[in-house]
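Letter 21 of the sequence shown, counting from 1, is numbered 23 in the numbering used here, and no numbers are missing. Every residue gets a Cβ at the ideal spot worked out from N, C-alpha and C, and that includes glycine.
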Amino acid sequence: MQSLEQRRRVRGDVGGERPQFRDTPVEVKAYSTAGMAGWAAQLGSPAPEAPRSRRMARTGGIAAIAALLLYLTWRVAFTMPLGGGDLVIAWTLVTFEALPLIGWS
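Next up, the structure:
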């Protein structure tokens with residue numbers, strides 16, 4: 003069984019001292035003072051996005067639009083009620099579901 007003193011030596015805080023704020027790198031201090039997380043110092047400056055990543059993002063966006071259009075087509079063609087008050091509610095819901103197509107979410 004290890005004594006408390008032996009455990010402190012293993013952890014590196016001999017004498018009961020723990021690393022203080024003054025022991026942290028200058029970049030981390032600046033981020034912490036600004037109210038940001040310490041790991042933000044490791045991010046570095048922004049870089050241009052890779053062409054493959056941009057293509058994949060655009061492909062995903064086009065696939066999402068296509069899926070929404072197919073869903074709305076199915077919804078209107080096969081699930082709309084024949085008449086009455088339900089028809090007004092159904093069209094209201096379809097309109098709400100189509101809002102992402104015009105940029106509203």
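Sequence-distant residues of its chain with Cβ nearer than 7 angstroms to residue i (five each side left out)
i	result
Leu74	Val96, Glu99, Ala100
Sub-8 angstroms separation of residue i and residue j beta-carbons
i	j	result
Leu103	Leu70	yes
Met82	Ala92	yes
For residue j and residue i, the rounded distance between their alpha carbons
i	j	result
Met38	Met58	30 angstroms
Pro1	Gly62	The requested residue 1 is not part of the displayed model; the chain covers only 3 to 107.
Phe80	Trp106	25 angstroms
Gly85	Val78	13 angstroms
Leu45	Val90	51 angstroms
Trp76	Ala68	12 angstroms
Glu51	Asp88	48 angstroms
Arg56	Ala49	13 angstroms
Sequence-distant residues of the same chain with beta carbon closer than 8 angstroms to residue i, five excluded per side
i	result
Ala36	none
Close beta carbons around residue i, own chain, < 6 angstroms, minus the five adjacent residues each side
i	result
Ser47	none
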